[in-house]
Each structure stands twice: as C-alpha cells, then as structure tokens.
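Trainee: This structure is in structure tokens; I'll ask about it shortly.
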Amino acid sequence: MQLYNLKHPSQKVSFAEAVKLGLGQDRGLFFPTEVPVVEDMAALLTLPFVKRSQEIVHLWLRDEMDRADSDALVAEAFNFDLPLNKVDDSRWCLELFHGPTLAFKDFGARFMAQCVNHLAGDEPLTILTATSGDTGAAVADAFYGLDKVQVVVLYPEGKISLLQEKMFTTLGKNIHTLAIAGDFDACQDLVKQAFEDADIRHGLRLNSANSINISRLLAQVCYYFEAVAQFQVANPGLAPVIAVPSGNFGNLTAGLLARAMGLPVKRFVAATNSNDTVPRFLASGQWQVNPTQATMSNAMDVSDPSNWPRVAALCERMGWGEETLSGVALTEAETQDAMRQLLVQGYQSEPHGAIAGAALKQTLTGDEKGLFLGTAHPAKFKDVVDRELQVELPLPPALAAVAGKPILSVRLQADFDLLKEFLFAKLG
Ligand SMILES: *Cc1c(COP(=O)(O)O)cnc(C)c1O
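Written as structure tokens, this is what we have:
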C-alpha cells in the first residue's frame, strides 16, 4: 500500500511508515495513492465478518505484509459483535459499541495497537493522542499492558463525562493521562505541535493514535462492508443511505473509502451537532470554523475536523459531489427530540447515534432506506440518557468496574513547553 502526503504529494510512504509516522511533513495527512477495487462483491459480502475483513485488509496490504500476519492482526482486533438492529421500516442501526470500551473506536484502536505492535520491532515507542472522549478509552484499553509502548492521552478537563474519564484515567502502568485546561481543539493542537518538535518526535519515538492514523481507517472500512451485508439480508439488492455521526471525520472517511472499493452505498450523510463546519461547508461551499461548542454529543465537539482533507481528496478523485455526500447538523433541542423519537420506535440511543438516526430520517426520500452508525453504548452516556429518556440505565460491567477507581491524571495548562517538560520527565 502506497500513501502520499496530502500537503506534499511527493512524500510517499508505505503503510508501515504511515502507521509509525502518523503525520507527514508539515502535519500533512497520509492518503492511499490507489484504492483497491473488490472484484466479486457479492461473494465478499456473503463471508462472515472476520473472514471478510481479512480479505479486505489483505487487498490493501498484500504488497507489504504476509497474509498470515495480516489475518492474525484482524482476528486479534475484531473479537466482538456488531449487530444491525431494525429501528423502523426504513432505518436500521449498526451497533458498533459492543467492544471492551463500549464505543466504535475499539475497532480502530484495537487494530492499530496490533499493527503498531507488529511493526515496532524491539525499540520502545510512545503513543501520543488527544481525545474528546472515547478515543482515549479505546486506545488505552487496546495498548494497556504492552511493555514496549507508553501511551500518553490528552483530554479537555471537565468536558467529558466522569465515567468516560474513569475508563482511561484509572488504568496506570503504561497509560499516562493529562487533563488539559482547554477544549479538545487545544489538546489536538498540543499533539500536533509535539509531532513537529524534533526532540520529542525522535527522542520518544512518537506515534499518533488518534483518528488520523491510517491503520484506524483501514479497520473502520471493514465494518461498512458488514453494515451493507446485513442490510441486504433484509433488503436484497438495495444500496443503503448511510448516516455517520461525525466529529473528526475519520469514520466518514472510512465509509467513503469502502464505497471507492466498490461497496454499494447509495450515498452518505455527515451528521453533526452544532459544531457544524462541514454541513455548512457542504451547503455553501464556504469553509468557516467557529469556536467549538460543548454539546451532549461531546465526542463530536470538533469544529476543525482533522480528517476533512482526506474526505475532500477522495471526493475529488472519485468525482463525487452532493449526490454522494450531504450534511445535516442538529441543535441540542433537536438531539433531545431525536433520542425521544427513537425511544418511541422502541430504540434506546445515546446522543451521537441519535443525531445520525435523525439526520438519516430527514434526508430519506421515496423508496430509499438506510442505516446509521451507533457509535457508543447508551450506558456510556448514562447521565444524558437517564435525564432525557426518564430511564435508569444499569451500568454495564465494563463501566461498573472503573466507577470506584481513582483518577490518576496529571492536570496541565494548555502550554506546549509544559507538555514537553512532562513528556521528558516521565518518559525521556
Ligand atoms: C469519536 C466519536 C464520534 C466521531 O467520530 P469521527 O470519526 O471523529 O468523526 C462519534 N460518536 C462517538 C460516540 C465517538 O466517540
């Protein structure tokens, strides 16, 4: 698999290099120079999830990784279910939250951890990542206990739920967490600066683990095939509309890559909360970033999504326009309403999935049917779900286990020099 730097197209790297580097020169994102096309889609869709995912990953990596190795990475990473649930006559939800940390980020994080581990060789390295909620938990869980990898997670203090925070700040061992006085964009900016700093980058052998790492996208491509396979059991021959709850737009990038491989998806809907840079851009052609707003769907509180250049590059390459990708943004009141309406259909959802469910409903016309991605378990957003839906959700075992443990984070100002000092004191 060859990738190029979207900012400096002459910088070309292999998958292994892209996984290790995270970002290219000048913070440019790596993107595949070519997308492999599936020859026999019908046959591929009949395979069970893990087997099919092994085929898909092999299509991407066949020029640089042995089949046995890539098969093993996939089998190790994808060890939980992803059911497609019917919500009403035209909508289904692909539940991606049955992994160890109850969010879809387990797919990308577990596969990335396997790849990093496989590619690292014998030298220790550092994973540095920013999270607006669920990445931190997924990454920490996926790497926890690996002795060659130190993990540093930055998150915006006070802007994620207590349970979310407990899921990744109570682990210890090789997992170091920093509560930053600032919003997610400030955390993301610190991470980007660290990658630009030669001392840190080389001294600590930095590796990025947020949604910009290409290995995560590869993992996420796989579940779109599962979505369509299950959807077509109920709707033979029909290409679904897919609504994706979006923050940093890694999830949507993966969906578009799956479509470029030939997956029958009629079109995509990018669903956001009031951090609506992309829906506004798709409607007006103007890219204008407003200050980030805190919402109930806090994992999507991103106003300057880092994966957008990949979406733009792929749409341009494929000649895709508004018939393939449109956007819908929901306010807080509309999000509450979306959750209640889904409950009326007998489907309990948390704010992120609910936003996509409502966005899908808004855009379906005529005979169209579709699915939305359920990105988090309702219990992961228990405070909001209990309050909005007047329920009392039980804590699933993964959350109950961490609820009583102390938070081990270090608090830090959003200041790059302080971050650098911390990193070298702790890991240098
Ligand atoms: C991260 C996250 C999203 C947004 O996904 P992106 O790939 O960043 O667009 C949506 N929902 C939940 C629950 C998340 O954790």
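Going by numbering that gives the first Met the number 0, the residue at position 410 of the sequence shown is 409; the numbering climbs one at a time, nothing skipped.
Glycine included, C-beta positions come from ideal geometry on N, C-alpha and C.
Closer than 8 Å: is that where the CB of E349 sits relative to any heavy atom of ligand 1?
Mentor: yes
Trainee: With a threshold of 8 Å on Cβ separation, who are the neighbours of K147 within its own chain once the five nearest residues in sequence on each side are excluded?
Mentor: Answer for K147: N116, A119, D121, E122, P123 and L124, listed in chain order.
Trainee: Could you check where the beta strand (DSSP E) with R266 kicks off and where it finishes?
Mentor: R266 to T271
Trainee: Apart from the five residues on each side of it in sequence, which residues of its chain come closer than 7 Å, Cβ to Cβ, to C114?
Mentor: Counting only Cβ-Cβ distances below 7 Å, and skipping sequence neighbours, we find V18, L72 and S214.
Trainee: Quick test of your reading: T374 and F96, contact by CB under 8 Å. State the CB separation rounded to the nearest angstrom.
Mentor: Yes, T374 and F96 are in contact; Cβ-Cβ is about 7 Å, under 8 Å.
Trainee: Please report the Cβ distance between F421 and L411, rounded to the nearest whole angstrom; I am assuming they are in contact, meaning their Cβ atoms lie under 8 Å.
Mentor: Right, the Cβ-Cβ distance comes to about 6 Å (below 8 Å), so this counts as a contact.
Trainee: Can you check which of these residues, A400, L418, G254 and S296, is closest to C314 by C-alpha distance?
Mentor: The shortest Cα separation from C314 among A400, L418, G254 and S296 belongs to G254.
Trainee: Hey, L370 and A242: beta-carbon distance below 9 Å or not?
Mentor: Taking 9 Å as the Cβ cut-off, L370 and A242 qualify as a contacting pair.
Trainee: Is D481 near ligand 1, going by C-beta to nearest heavy atom under 8 Å?
Mentor: Any property of residue 481 remains undetermined from this structure, which presents the chain solely from 0 to 427.
Trainee: Per DSSP, which one or two residues make a beta bridge with Y154?
Mentor: A178
Trainee: Am I right that D133 and K104 are in contact with their C-beta atoms under 8 Å? What's the rounded C-beta distance?
Mentor: Correct: roughly 5 Å between the Cβ atoms.
Trainee: Buried or exposed: which applies to I406, given that a residue is buried once 16 or more other Cβ atoms fall within 10 Å of its Cβ?
Mentor: exposed
Trainee: For a test of your reading of the model: does the CB of A218 fall under 8 Å from any non-hydrogen atom of ligand 1? Yes or no.
Mentor: no
Trainee: Could you name the residues of the same chain whose beta carbon sits closer than 8 Å to that of A397, not counting the 5 residues immediately before and after it, in chain order?
Mentor: Answer for A397: P99, T100, L101 and M166, listed in chain order.
Trainee: Could you tell me which residues DSSP pairs with Y222 in its beta bridges?
Mentor: Y222 is not bridged to any residue.
Trainee: Which residue from M299, A282 and V56 puts its Cα closest to that of G249?
Mentor: Nearest C-alpha to G249: M299.
Trainee: With DSSP collapsed to three states, give me the class of E367.
Mentor: coil
Trainee: Between which two residues does the beta strand (DSSP E) harbouring V327 extend?
Mentor: Counting along the chain, the beta strand (DSSP E) containing V327 begins and ends at L324 to A328.
Trainee: With distances taken between CB atoms, is the gap from N247 to L329 smaller than 9 Å?
Mentor: no
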